[in-house]
């Protein structure tokens, strides 16, 4: 997957979705902020597990719905944030902004923090559930002109 401003991928299984995340993850570097957006069951967590694999993280990455922020060590520090149960006011108090310079921050339910990141370079991954296991993954890198 070459680095372009906007890319669309179709996957036909959870395994393909994870592989797409893995390939994407290999290209990430410290300071990257990834917002993963999609409805419940779209495959956000599967894609993020792929990102973690691409970053050589050995631990199993689970959706941190109750913990909100999980930190993993791999090629770079990796922070998996799940905003499913948070509102905009709580987000500012979580310390997410402090993590952004320390490693790669991947935010599930990223649309909830989008209004606070208007002027921040970020990568937006929008996963759409089509029929069955088919997913359309659109990656938009706002840091590329």
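Numbering (the numbering used here), first residue to last: 9 to 153. Cβ atoms here follow ideal geometry from the backbone N, Cα and C, with glycine treated the same way.
Alpha carbon of residue i to alpha carbon of residue j, nearest angstrom
{"i": "residue 142", "j": "residue 112", "result": "27 Å"}
{"i": "residue 101", "j": "residue 94", "result": "11 Å"}
{"i": "residue 58", "j": "residue 124", "result": "26 Å"}
{"i": "residue 105", "j": "residue 128", "result": "11 Å"}
{"i": "residue 25", "j": "residue 98", "result": "30 Å"}
{"i": "residue 22", "j": "residue 69", "result": "15 Å"}
Assigned secondary structure, residue i (DSSP; H/G/I helix, E/B strand, else coil)
{"i": "residue 19", "result": "strand"}
{"i": "residue 123", "result": "helix"}
{"i": "residue 65", "result": "coil"}
{"i": "residue 107", "result": "helix"}
{"i": "residue 76", "result": "coil"}
{"i": "residue 34", "result": "helix"}
{"i": "residue 24", "result": "helix"}
Buried versus exposed call for residue i [16 or more other C-beta atoms within 10 Å across all chains shown]
{"i": "residue 96", "result": "exposed"}
{"i": "residue 33", "result": "buried"}
{"i": "residue 29", "result": "buried"}
Near the ligand ZN: residue i beta-carbon under 7 Å from a heavy atom
{"i": "residue 17", "result": "As far as ligands go, the structure on display features none, and thus does not contain the ligand ZN."}
Residues that residue i bridges to, as DSSP identifies them
{"i": "residue 149", "result": "131"}
{"i": "residue 136", "result": "144"}
{"i": "residue 115", "result": "43, 89"}
{"i": "residue 14", "result": "148"}
With a threshold of 8 Å, are at least 3 pairs of Cβ atoms found where one atom belongs to the stretch 47 to 54 and the other to the stretch 77 to 86? Verdict: no, contact absent.
Can you confirm whether the stretch 107 to 124 touches the stretch 32 to 43 when touching is taken to mean that 3 or more C-beta pairs between the two stretches lie within less than 8 Å? Yes, since at least three Cβ pairs between the stretch 32 to 43 and the stretch 107 to 124 fall closer than 8 Å, the two stretches touch.
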